[in-house]
């Protein structure tokens, strides 16, 4: 079997250069990279990560577990992780769980078996019992945290995000605000819901204007129909994410409700398509790419520097005002 020493000798480079090339590190000069890749192709060399792991050596691989690969929120996060990993010579094993906790645990255990050097996890629940089992590798939570403080995490301040969404709606005269979100089983979904409750705790009709579904456009449409059928009066809707907002807008328009003249809508995430829909969506921008970058840096520091202390980082979102919440006759500065 061709090994890394053979590749290095034939390409006329060091073993470390071959390692950087096959692990995707972009710091290698283009001429050297091309030499190595030519030899790799000719010899059929493949780095055996599992064999390295069995020997107790770093595999220079990181597991990344996400709940929904079809949700447009996650590609930017994955890109942030991937860019940092590439620059540092790490490969990423991406796992999708479809929001299924049993599958999530299975993927987690599979990554341990593959001897990855660390795992970045976006869990589908705030309660993650399998994480309490001692692990010899670093674990960093992305966009989530658990009741336990034993794990490092990087999240967004969703309380602040909901607060500025509601402040904006009140500033344009919207007082009967409804909320359509995901069931509060993750830290992020729970924070958004609780922030909404705190802002409306004195409203006697609040409960009938709160609906829970999933972070999907279909669920947003379903919940919007339920809100309309309830007969409850509302003049605006805060949505748990942009996909929910898309479904809400479609249903309102199908019922002849004008946006924003009759009802204002605010989303959450600022996924790319939100700036191009008609009407353009007012939303809370999350620094999704940066979240992935920071999580990857935390992970690599923990792997390479042996850092044992936990780090908790909270990023700040901001409001982007577009067409779905601008008072009649007023143009958005973001259009």
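In this note's numbering, the protein residues as written are 734 to 1068.
By construction, the Cβ of each residue, glycine as well, lies at the ideal position given by its N, Cα and C atoms.
Buried or exposed (CB count within 10 angstroms, at least 16 for buried), residue i
i            : result
residue 837  : buried
residue 1009 : exposed
residue 860  : exposed
residue 1045 : exposed
residue 1005 : exposed
residue 800  : buried
residue 993  : buried
Whether residue i touches residue j by CB criterion (8 Å)
i            : j            : result
residue 1026 : residue 979  : no
residue 953  : residue 946  : yes
residue 961  : residue 913  : no
residue 876  : residue 795  : no
residue 1057 : residue 1014 : yes
residue 1016 : residue 996  : no
residue 1023 : residue 893  : no
residue 845  : residue 828  : no
Three-state secondary structure (DSSP) of residue i
i            : result
residue 829  : strand
residue 1040 : coil
residue 737  : helix
residue 1068 : Its pLDDT being 42, under 50, residue 1068 is placed unreliably in this model, and the coordinates cannot settle the point.
residue 1033 : helix
residue 989  : coil
residue 848  : coil
residue 996  : coil
residue 1053 : strand
residue 1028 : helix
residue 751  : helix
residue 761  : coil
residue 841  : helix
Bridge partners - residue i, DSSP secondary structure assignment
i            : result
residue 1002 : 1018
residue 799  : 829
residue 824  : 794
residue 1047 : 888
residue 897  : In DSSP, residue 897 forms no bridge with anything.
residue 873  : 853 and 885
Item checked: Completely contained alpha helix (DSSP H) runs for the segment 900 to 987, where each covers 4 or more residues -> Positions of the alpha helix (DSSP H) runs, each at least 4 residues long and wholly inside the segment 900 to 987, are given as 920 to 932, 950 to 962 and 975 to 987 in order along the chain.
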